[in-house]
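Residue numbers (our numbering), protein chains in the order written: chain A, 1 to 381; chain B, 1 to 381; chain C, 1 to 381; chain D, 1 to 381.
4 protein chains.
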Amino acid sequence: MSNYEPKPEHKFTFGLWTVGNRGRDPFGDAVRETLTPVNAVKLLAEVGAYGVNFHDNDLVPIEAGPSERDAIVAELRKTCEANNIKVPMATVNLFYEPVFRDGAFTANDSKVRAYAVQKTMQAMDLGAEFGAETFVLWGGREGVETDACRSVPDAIKRFREALDYLCEYSKSQGYGYKFALEAKPNEPRADIYFATTGSYLAFIETLENKEMVGVNPEVAHETMPGLNMMHAVAQAWEAGKLFHIDLNDQVPGRYDQDLRFGSANPKGAFWLVKFLEDVGYNGPRHFDAHAYRTEDYDGVKDFARGCMRTYLILKEKADQWNNNEEIRDIIAEIETTNKNGPLDDFDALQSSEFDRAALASKGLKYERLDQLTMDVLFGIA
Amino acid sequence: MSNYEPKPEHKFTFGLWTVGNRGRDPFGDAVRETLTPVNAVKLLAEVGAYGVNFHDNDLVPIEAGPSERDAIVAELRKTCEANNIKVPMATVNLFYEPVFRDGAFTANDSKVRAYAVQKTMQAMDLGAEFGAETFVLWGGREGVETDACRSVPDAIKRFREALDYLCEYSKSQGYGYKFALEAKPNEPRADIYFATTGSYLAFIETLENKEMVGVNPEVAHETMPGLNMMHAVAQAWEAGKLFHIDLNDQVPGRYDQDLRFGSANPKGAFWLVKFLEDVGYNGPRHFDAHAYRTEDYDGVKDFARGCMRTYLILKEKADQWNNNEEIRDIIAEIETTNKNGPLDDFDALQSSEFDRAALASKGLKYERLDQLTMDVLFGIA
Amino acid sequence: MSNYEPKPEHKFTFGLWTVGNRGRDPFGDAVRETLTPVNAVKLLAEVGAYGVNFHDNDLVPIEAGPSERDAIVAELRKTCEANNIKVPMATVNLFYEPVFRDGAFTANDSKVRAYAVQKTMQAMDLGAEFGAETFVLWGGREGVETDACRSVPDAIKRFREALDYLCEYSKSQGYGYKFALEAKPNEPRADIYFATTGSYLAFIETLENKEMVGVNPEVAHETMPGLNMMHAVAQAWEAGKLFHIDLNDQVPGRYDQDLRFGSANPKGAFWLVKFLEDVGYNGPRHFDAHAYRTEDYDGVKDFARGCMRTYLILKEKADQWNNNEEIRDIIAEIETTNKNGPLDDFDALQSSEFDRAALASKGLKYERLDQLTMDVLFGIA
Amino acid sequence: MSNYEPKPEHKFTFGLWTVGNRGRDPFGDAVRETLTPVNAVKLLAEVGAYGVNFHDNDLVPIEAGPSERDAIVAELRKTCEANNIKVPMATVNLFYEPVFRDGAFTANDSKVRAYAVQKTMQAMDLGAEFGAETFVLWGGREGVETDACRSVPDAIKRFREALDYLCEYSKSQGYGYKFALEAKPNEPRADIYFATTGSYLAFIETLENKEMVGVNPEVAHETMPGLNMMHAVAQAWEAGKLFHIDLNDQVPGRYDQDLRFGSANPKGAFWLVKFLEDVGYNGPRHFDAHAYRTEDYDGVKDFARGCMRTYLILKEKADQWNNNEEIRDIIAEIETTNKNGPLDDFDALQSSEFDRAALASKGLKYERLDQLTMDVLFGIA
């Protein structure tokens with residue numbers, strides 16, 4: 001590899017809402033004209049993406065009737081095929097409309113909950129028409145401004161009821177979806193339930209069809225509270241639950257920034273790419289990010305190209321890291337202290353003697369290992 | 001209730017390390033003389049605590065031989081009995097000694113891992129002699145400064161191996177322990193594995209004896225990354241996994257402060273106490289906190305009394321909240337929109353009509369509800 | 001005081017943009033109908049506010065011509081007079097329009113900078129027509145997503161040029177404005193220049209008319225990075241620079257929440273109110289906050305009433321704190337160690353002997369003092 | 001440059017307390033043997049440092065009498081000369097001893113304040129013997145756990161009194177010191193006064209000898225609350241107040257990590273180095289960091305070498321950035337919109353017409369500029 005050009009095998013995908021983001025923020029108006037779904041797909045094809053994902057209403061306006069919907073679907077399918085753009089994932093917007101101001105699956109009003117489930121079913125129908133295999137659920141409004149308003153166990157039970165129902169719906173329709181749950185700690189609500197990927201991994205174990213449900217960790221969402229994204233991804237992977245991933249970037253302790261991948265925390269991005277490549281994750285690399293408000297659509301292309309380019313640069317660097325001689329030597333030395341056999345039986349272990357001082361005396365060379373990592377990142381090694 | 005005096009039924013416990021904390025911090029030396037375990041128990045009895053908990057080395061110095069150990073144990077048991085102080089929980093120190101600088105159960109050196117397991121078994125033996133029913137594990141060094149040093153899935157597997165082994169050990173000895181895993185995101189290491197209570201709840205599901213293992217959420221540890229402690233506790237409770245709890249206080253985005261309960265975030269403390277009391281949690285209320293460095297041992301008593309007093313004040317306020325007429329009216333109004341029946345079948349739901357605008361039109365009165373909560377907190381309601 | 005009803009002497013003000021906030025957020029649409037300025041003023045009168053503040057475009061649409069502008073002004077002035085609502089502060093919106101996507105006074109395009117200055121002059125003209133005495137400047141877009149785009153010293157010089165010019169303009173027109181600069185660390189841009197109140201206090205010292213310029217600290221903005229709002233206010237006060245204040249609430253390490261005053265961090269709010277009342281701050285108490293998205297305009301009134309009520313509750317508690325006998329005793333005891341005379345001369349001080357151990361031996365009773373503070377807050381003392 | 005070897009002209013300095021850090025943390029004991037000052041200097045010479053800095057008690061134990069002190073000084077001076085190690089900066093430890101548990105210059109006990117001033121004078125005497133030109137003051141304990149204990153304006157006045165006194169002392173002794181004040185928001189106390197560099201810059205303007213006093217910004221301390229270190233440094237520089245700098249690294253929202261320079265946030269480190277080099281800062285580059293606890297003294301050398309190596313790598317990259325053709329083209333294009341002339345007079349500006357839409361229409365290419373920056377960082381450009 002040398003030119004860092006995206007290829008289909010890299011499975012780089014973008015949401016319609018990412019390149020189509022118009023730059024609206026809490027203090028400012030949109031700065032870019034609306035990009036139609038068709039033009040978004042063409043833009044993605046131009047920059048070399050593999051696929052596109054969407055919320056139901058990214059594609060079909062919420063007010064659209066059946067024939068309008070079908071026409072939109074037909075046109076986008078044609079555009080995707082013409083441009084060789086896949087739709088590996090679909091999702092549902094349960095946060096934009098005022099009806100969801102108190103949540104969707106966990107809202108206090110049972111009619112809102114039922115509507116949210118119906119809307120999700122229809123988004124699943126929509127995704128299925130495009131061959132989407134993964135269905136992401138981000139519960140952006142499943143939370144509170146004040147804990148006065150709802151019992152948390154009730155909220156959990158409501159969320160479980162919705163998930164159990166939707167799994168059955170997918171089975172009944174033969175959609176074969178894998179659901180991927182996406183955690184976020186706060187924003188737009190003060191505290192969102194299932195604030196971390198770990199929390200969702202635990203919740204999934206309580207579902208009726210738990211094998212159908214995994215997680216969609218997002219760099220920004222794990223980083224907002226200062227957690228280590230790669231650790232969350234690794235736990236999901238180890239549990240067989242890494243069903244999707246959202247790549248972008250973020251500074252801890254801030255609003256959800258959705259920055260270009262690798263542009264805020266390149267070292268964290270490196271560990272993440274290295275992990276995904278080392279373990280052989282073969283799902284989509286989905287960029288859930290958007291361009292700065294200073295950009296026009298040429299800048300949006302720069303942004304999208306930058307996401308993929310940085311991923312490929314870091315993939316190459318992961319390979320360099322794995323093959324760096326001094327790194328390999330230190331890793332090998334670390335391994336000499338690691339005997340992989342099982343622990344002794346209780347009596348034998350209880351009567352073992354350990355020399356604490358000796359075990360604590362040897363320098364572990366982690367500073368050197370980390371500096372070598374920086375050298376690889378800097379292109380100096 | 002009116003004088004907020006602690007009683008045995010409140011099950012207020014403190015660690016030996018809490019009232020015995022000497023005020024050492026990264027930039028300063030100890031400011032208080034050593035408090036012996038015996039004197040710590042007497043202090044706890046004086047302030048009205050129900051019980052005491054300890055790490056192995058809070059009680060028995062790591063260098064102590066068997067006879068010294070036995071003498072220490074005998075003396076403390078006698079003191080506990082004389083002062084009617086229980087020992088509901090025990091734990092193990094896997095972080096202070098240099099041997100654990102690279103972790104304990106997850107260390108790269110298999111000898112360190114074996115030693116950590118042995119040390120835990122001996123701490124379990126010790127706790128059992130005091131009748132401890134819960135065994136807390138905080139993996140303070142199970143993490144990294146640099147992700148170069150270890151594969152995260154390897155770390156998870158090592159941690160699982162240790163837990164599976166220790167559960168079997170408890171069974172083999174008839175100890176009847178419940179294990180409670182305590183998460184923390186960072187400090188003293190840059191990133192600690194299983195950074196949140198949710199992450200441990202997920203991990204527990206992968207254990208051989210998962211029914212023996214739950215969590216010990218700590219206010220400070222969930223709050224450090226800005227997460228909602230009560231939400232974490234509620235998820236654990238809903239899953240039947242709230243085996244223990246660590247009460248203290250903390251400002252988000254800082255070093256681990258271990259402040260007097262309720263002294264930094266009284267509203268968060270209120271929701272937490274209200275949750276524990278409403279659901280009928282009947283385990284110990286353990287204060288894992290310590291006095292400011294400005295205090296002598298009279299100040300330590302002020303600190304300990306303050307923790308319990310604030311809990312009891314908030315317990316009373318929870319009751320007031322539940323019985324406040326205006327609050328009850330708003331809650332009742334919220335409930336009118338909540339039909340508890342199951343979702344309709346797929347076809348019926350798909351063909352239902354929902355009036356989004358109508359569902360979004362009614363004010364939900366959460367600002368009023370929250371202000372009433374503040375009034376209760378302020379003693380004005 | 002007993003009913004916590006707002007009165008004119010409390011000088012409670014709200015921005016048009018606060019009660020008029022329609023609940024739009026980055027992930028959701030407006031949930032409330034537009035509230036006209038006239039109706040906002042009536043709402044404020046109904047809930048008992050003293051005054052209203054506005055950005056130019058809160059009142060006059062950016063596209064309005066001179067006659068439309070004058071009609072709007074006349075109508076609002078009449079409404080204010082009829083309802084006895086003052087306009088103590090005015091400000092300018094330099095962040096909503098796309099023209100400001102790269103900043104206003106610090107934008108790279110000198111035409112944008114000139115336009116921003118012109119717009120500010122016109123907002124000053126507008127405020128002067130309402131008798132506003134304070135002009136707030138929040139540089140919401142004066143920052144970057146990437147530090148590649150601009151030299152920071154250049155940005156500072158540009159900001160200074162604008163401020164010096166605007167001070168002269170105020171003098172030339174005889175407006176008599178005091179300018180109050182409002183800091184914020186991030187959002188909507190990744191890093192905003194002059195990130196804290198301290199940073200602006202330093203900048204002010206470099207201005208030509210520095211006596212005309214002070215600060216407008218905001219609870220949420222100082223709290224976002226976890227700083228102590230009262231400390232910032234106190235430094236500004238001590239320097240004679242507390243020209244205005246923005247009251248609301250916020251959890252550290254998150255998006256800008258603008259919560260109801262005192263609803264997230266009541267203890268911090270208490271110290272702040274106590275400070276303002278103790279030192280005799282006599283400017284407006286401006287609430288820069290907004291109601292939850294779950295609310296209709298009745299809820300907006302609940303929100304506005306709650307801000308003022310909580311301020312008055314805390315004001316009463318500040319008085320209780322100052323008069324609490326045990327608190328006074330501890331404060332008096334603290335004072336016994338505090339000799340207010342000047343330091344000795346160099347030789348005398350160099351040859352003084354200090355007994356470090358003795359000076360470190362006495363408990364300072366701060367835990368007790370803080371618990372008494374909590375008791376006052378809880379209404380128990 | 002190609003081998004990134006430190007040379008005297010780079011002015012790389014380390015504190016005795018940095019390479020001498022023994023790895024103690026709040027949850028663990030020291031892991032490295034004591035390194036004597038003499039051996040620390042030799043270690044620094046070996047790794048190629050230019051100089052060493054120290055707190056008084058890093059060098060002279062607090063209990064030492066005059067003759068012991070003089071012998072220690074003589075030995076270290078000899079060692080420094082023999083190894084060509086300079087001492088450009090000295091400082092004073094006002095935080096380790098229990099006597100400072102309530103602060104030093106701001107303590108409530110006037111004897112503690114006087115002692116703190118005396119100790120500082122003696123540390124100034126000590127530094128002067130080594131030719132130190134800069135005297136750093138970090139007020140690590142100048143703060144509170146509870147704001148109940150002290151009036152903030154009183155604390156500010158006390159701090160000012162101490163600074164005014166110490167400036168006079170320096171003048172009286174002909175030391176010629178520049179004082180550099182170092183801010184930190186929290187840890188070891190809950191809230192430290194003058195929490196940010198900006199806050200100290202403002203405070204300095206209130207001093208009698210303000211020209212003698214500047215700031216010592218530290219990467220970790222500005223980053224803990226998530227602020228942009230380079231922005232703080234740039235404001236200090238623009239004000240002529242960048243008297244010293246502390247380089248290390250840190251993740252926002254955590255305990256004070258003092259990581260190897262550039263190892264957590266390499267992009268932030270890049271902007272910082274680029275700023276220092278571009279403006280021609282010629283003071284010491286002081287690394288206030290320490291090695292991981294996993295290291296022996298070989299690892300400490302790896303750590304120290306890594307700090308300097310990364311600085312030199314980033315310095316080279318700053319040069320590459322400045323000379324990158326595509327970057328230069330974009331910067332030149334940005335400059336075309338920037339007219340440097342003064343603003344028009346009031347009437348002319350008021351009557352100017354601006355085309356908002358046109359000014360907002362052009363993409364600013366900041367995404368591309370930032371990706372090019374990443375390419376430079378990655379060694380790909």
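C-beta atoms are modelled at their ideal positions from N, C-alpha and C, and glycine is treated no differently.
Reduced DSSP category for residue i - H, G, I as helix; E, B as strand; rest coil
i	result
Val-91 of chain B	Checking the sequence shown, residue 91 of chain B turns out to be Thr, not Val. Looking at Thr-91 of chain B - three-state DSSP - the assignment turns out to be strand.
Val-38 of chain A	helix
Gly-198 of chain D	helix
Thr-13 of chain B	strand
Phe-354 of chain C	coil
Asn-53 of chain C	strand
Met-1 of chain A	For Met-1 of chain A, the predicted model reports a pLDDT of 45, less than 50, meaning its position is unreliable; a value from the coordinates is still stated below. Coil, per DSSP.
Arg-22 of chain B	coil
Where residue i falls, given that 16 or more other Cβ within 10 Å makes a residue buried
i	result
Pro-217 of chain D	buried
Pro-252 of chain A	buried
Lys-7 of chain A	exposed
Thr-34 of chain B	exposed
Pro-266 of chain B	buried
Asn-57 of chain B	buried
Pro-342 of chain B	exposed
Pro-185 of chain C	buried
Thr-18 of chain B	buried
Chain-order list of residues whose beta-carbon lies under 6 Å from that of residue i (same chain, five-residue window excluded)
i	result
Gly-306 of chain B	Arg-260
Thr-91 of chain B	His-55 and Val-136
Phe-100 of chain A	Leu-94 and Arg-141
Contacting residues, own chain, Cβ-Cβ under 7 Å from residue i (five flanking each side not counted)
i	result
Tyr-4 of chain B	Arg-309, Leu-312 and Ile-313
Ile-331 of chain C	none
Trp-321 of chain D	Lys-274, Ile-327, Thr-373 and Val-376
Residues that residue i contacts on chain A, provided the C-beta gap is smaller than 9 Å
i	result
Phe-346 of chain B	Met-121, Tyr-165, Glu-168, Tyr-169, Ser-172 and Gln-173
Arg-22 of chain B	Those within 9 Å of Arg-22 of chain B in chain A number zero; the least Cβ separation is about 23 Å.
8 Å Cβ cut-off: residues of chain D touching residue i
i	result
Glu-295 of chain A	Gly-363, Leu-364, Lys-365, Tyr-366 and Glu-367
Contact list for residue i against chain D, beta-carbon separation under 9 Å
i	result
Val-251 of chain B	Asn-186, Ala-190 and Asp-191
Close beta carbons around residue i, own chain, < 8 Å, minus the five adjacent residues each side
i	result
Val-87 of chain D	Gly-51, Val-52, Asn-53, Phe-54, Cys-80, Gly-127, Phe-130, Gly-131 and Ala-132
Chain C residues whose Cβ lies nearer than 8 Å to that of residue i
i	result
Ala-269 of chain D	Within 8 Å Cβ-Cβ: nothing; Ala-269 of chain D doesn't reach chain C, min ~12 Å.
Neighbour list for residue i in chain C, Cβ cutoff strictly below 9 Å
i	result
Arg-101 of chain D	Ala-360 and Leu-364
Quick check for students: name the residue ranges of the beta strand (DSSP E) that lie wholly in the stretch 64-115 of chain D, counting only runs of 3 or more.
89-91
Please specify which runs of the beta strand (DSSP E), each continuous and at least 3 residues long, are wholly inside the stretch 122-207 of chain B, giving them in chain order.
134-138 and 178-182
Starting from the N-terminal side, write out each stretch of the beta strand (DSSP E) that is 3 residues or longer and does not extend beyond the stretch 210-273 of chain B.
213-215
Quick one: which unbroken alpha helix (DSSP H) runs of 4-plus residues sit fully inside the stretch 288-361 of chain C? Chain order, please.
297-323, 325-336, 346-350 and 356-359
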